[in-house]
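According to my numbering, the residues represented by the sequence shown are 192 to 356, in order. Built from N, CA and C at the ideal position, the CB exists for glycine as well.
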Amino acid sequence: FYYPNSVYKLVMWLPWSIISFFSYYFVKNEEKKYFFPATVLTGLTVFILFRIILSQYQHTLVLQYNKYPPNLYYLSYGITCITLLYYFFSRVTLPALINRCLNFFSRYSYEIFFSHWFVLYVLSKIIAYWNWQWWQFTLLVFTVSVIIQLVFNQLAHRLLRNRKS
């Protein structure tokens with residue numbers, strides 16, 4: 192609950208290291224019978240406990256405001272959700288097209304995130320976006336960002352193929 196003013200940027204990464212420890216635990220124990228229930232139960236318990244504590248101190252419960260630096264309320268929410276999503280998607284067989292789309296966005300999400308900022312900037316300078324509905328502009332930015340990523344993938348594939356020959 193205490194945020195130092197001078198050095199917090201130097202140590203803000205420290206709470207995120209809990210995710211590294213969780214990742215190690217996840218990889219080592221995901222096949223064990225107790226993994227799923229123990230992880231979800233622990234994550235939910237920590238989440239509920241810190242939700243109560245934050246409420247008692249009249250601290251906001253909005254996740255965005257608990258992210259920098261992340262507290263245990265935010266981290267336990269993420270760990271619980273990751274575990275539940277992993278469990279769900281490991282037991283559901285998705286159609287091939289949906290699976291390919293999810294793999295594409297999972298693999299290239301970082302690149303698409305950065306290219307969408309460029310697309311947002313360029314489109315906001317070229318077109319009168321305020322005359323558009325929010326969903327139209329979002330769809331346009333999304334589509335252009337994905338096309339840019341697909342073009343970069345094709346260029347990289349051709350460059351690597353030419354390099355090998």
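Within 10 angstroms of the beta-carbon of V202 lie fewer than 16 other beta-carbons, which makes it exposed. Under the 10 Å beta carbon count, T329 is surrounded by fewer than 16 other beta carbons and is classified as exposed. Residue range 204 to 220 is occupied by the alpha helix (DSSP H) that includes P206.
Nearest Cα to Y259 within the set L205, R349, W325: L205. With at least 16 other beta carbons inside 10 angstroms of its own, N257 counts as buried.
The beta carbon of R242 sits closer than 7 Å to those of L252, Y264, all from its chain and outside the five residues before and after it, given in chain order. Nearest to L341 by C-alpha distance, out of R282, S300, L235, is S300. In this structure, DSSP gives W321 a helical state, which the three-state scheme calls helix.
Inter-segment contact for the stretch 346 to 354 and the stretch 319 to 328 is absent: fewer than three beta-carbon pairs are separated by less than 8 Å.
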